[in-house]
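In this note's numbering, the protein residues as written are 5 to 205. For every residue, glycine included, the Cβ atom is placed at its ideal position computed from N, Cα and C. Since the model is a prediction, treat every value here as computed from it, not as a measurement.
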């Protein structure tokens, strides 16, 4: 079976996913901070531990949502053009992997050398950086060594990779749902078009 995904499609997807990461880093984080500040003004006496946990989770979720929204708008433009009738119920999943994996791997390789430093290549994907900064290097006591002294060891790369894999699993679930929605919508439109064609005849 020939999937209608070209090398140019993969290159464009890579550009879109990198751009969506920048948007998530800038706009997504700004939105999260503004909302959290407004909530804190309303509930100034909230438990500190509860607030820190909620704030950390919220700052993870909002950039992810920003990324997925950007991808949705992009995929809703190109994916219907790639639709073809198939008996394979998993065809959209295969299309998703063929289109997205090269770009996703590229983004990881770009972020890895700086361990997702947000003022450098980490701007392309803020969520693994937040996971790594708030969980891994604080628990291992290497925050100053990594973020101030830029003194990386193998364990730091392992930790960042694990945080990235955790993010990647969540991201791919969202991406699969987006593909499924757009693919099924394109399928319905195709079937309606075929029905109208046969009716007119």
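Residue environment, residue i, which counts as buried when at least 16 other CB atoms sit within 10 Å
i: residue 93; result: exposed
i: residue 29; result: buried
i: residue 86; result: buried
i: residue 34; result: exposed
7 Å CB neighbourhood of residue i in its chain, flanking five on each side removed
i: residue 128; result: 22, 25, 26, 111, 114, 115
i: residue 180; result: 97, 100
For residue j and residue i, the rounded distance between their alpha carbons
i: residue 105; j: residue 71; result: 16 Å
i: residue 41; j: residue 170; result: 27 Å
i: residue 5; j: residue 97; result: Residue placement at residue 5 cannot be trusted, given a pLDDT of 47 that sits under 50; the coordinates are not used to answer.
i: residue 123; j: residue 156; result: 17 Å
i: residue 107; j: residue 74; result: 15 Å
i: residue 1; j: residue 118; result: Because the chain spans 5 through 205 in this model, residue 1 falls outside it and cannot be assessed.
i: residue 13; j: residue 81; result: 12 Å
Own chain residues within Cβ distance below 8 Å of residue i, not counting five before or after
i: residue 89; result: 191, 194
Cut-off 6 Å between Cβ atoms - residues of its own chain near residue i, not counting five sequence neighbours on either side
i: residue 32; result: 66, 67, 70
i: residue 59; result: 40
i: residue 132; result: 120, 167, 168, 171
Residue j beta carbon less than 8 Å from that of residue i
i: residue 136; j: residue 161; result: no
i: residue 83; j: residue 187; result: yes
i: residue 178; j: residue 79; result: no
i: residue 159; j: residue 9; result: no
Distance between beta carbons of residue j and residue i, contact taken as under 8 Å
i: residue 154; j: residue 141; result: Not a contact, Cβ separation roughly 12 Å.
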